[in-house]
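So for the sequence shown, our numbering puts the first residue at 464; every next one is plus one.
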Amino acid sequence: MSGWIAVAGLGPGAEALVTPEVTATLAQATDVIGYIPYVARVAPREGLVLHPSDNRVELDRAAHAIALAQAGRRVVIVSSGDPGVFAMASALFEGMEARPDCHDLDIRILPGITAMLAAAARAGAPLGHDFCAINLSDNLKPFSEVERRLRHAARGGFAMAFYNPRSASRPHQFTEVLRILREECERERLITFARAVSTPEERLLTVTLAEALPEMADMRTVVIVGNAATRRVGRWIYTPRSVSA
Ligand code: SAH
């Protein structure tokens, strides 16, 4: 039997938010590769080999998956959320670039529900108009580029979703992000901190930009900044679908 690679998104956490396509593909797999906490979400079974690995070894994972698939194995690389959003799908293609021998491999990218969409749904509809997603981690880009994109997004009137907002190793950078936002946006701008959405630890908090504190975010939080028209209705937050000229 010929091997294949599927790069699958496991969604934000809840079992009910894993797509049937991902569940069916995992049922056919011989091997599962991914970051330790994501592989831990896959139920072990007879005949399935789990290959958990530490963070920041994306290219090693890609090479491992390619080698296994070329040997005839059926490999699923797992990501949380969607595999194309700051995750393993790009890393796999990056790993394939210098490897023409694997360009004809059977590869499928299986979408999942990304954190910002799960969080937005819990809050109401803060991403109901134009928005952008920004990875605040400076692992793969310099912080000066984060700042440049933040300012352009704010000046462009976009709502924003921030992934990887604040880690223990660079807590000061989110303080800096809030400072930049305060320069670009009004004090009343609504900002939602959505932590561990769809898990038992889920916590949502919406405050104004003036009230926002760096400690409101951690690495399990996705942060949603509304646009200038984002408002509250009852306990919900929403962004109107129209913008006046
Ligand atoms: N591929 C993933 C994102 C990976 S980057 C996706 O599409 O969701 C990891 C970041 O995603 C975290 O730092 C956090 O900002 C966000 N995230 C992932 N799961 C989350 C959840 N259940 N609740 C809130 N944020 C989450």
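Note that CB positions come from ideal geometry on N, CA and C, so glycine has one too.
**Asked** Considering only residues of the segment 474 to 556, which uninterrupted alpha helix (DSSP H) runs meet the minimum length of 4 residues and lie entirely inside it, listed in chain order?
**Response** 483 to 491, 499 to 502 and 521 to 533
**Minimum C-alpha distance to residue 504 - residue among 524, 555, 481 and 683** = 481
**Asked** Where DSSP assigns a beta bridge to residue 668, which residues make up the other side?
**Response** 656
**Message:** Measuring CB atoms only, is the segment 668 to 679 touching the segment 636 to 648, in the sense that at least three cross pairs come out at less than 8 Å?
**Reply:** yes
**Asked** Which residue comes first and which comes last in the alpha helix (DSSP H) that contains residue 643?
**Response** 634 to 647
**Request:** Measure the C-alpha to C-alpha separation of residue 545 and residue 649 and round it to an integer number of angstroms.
**Result:** 32 Å
**Candidates 595, 609 and 564, of which the one nearest residue 640 by Cα** = 609
**Message:** Need the endpoints of the alpha helix (DSSP H) that residue 469 sits in, please.
**Reply:** Where residue 469 is concerned, there is no enclosing alpha helix (DSSP H), although the beta strand (DSSP E) it sits in stretches over 467 to 472.
**Asked** Under the rule that 16 or more other beta-carbon atoms within 10 Å means buried, what is residue 627, buried or exposed?
**Response** buried
**Prompt:** Apart from the five residues just before and just after residue 699, which ones in its own chain have a Cβ nearer than 8 Å to its Cβ?
**Reply:** 586, 587 and 588
**Message:** Just verifying my parser: in three-state terms, what is the DSSP assignment at residue 569?
**Reply:** strand
**Asked** Which residue's Cα is closest to the Cα of residue 478: 621, 576 and 707?
**Response** 576
**Item:** Bridge partner(s) assigned by DSSP for residue 684
**Value:** 658
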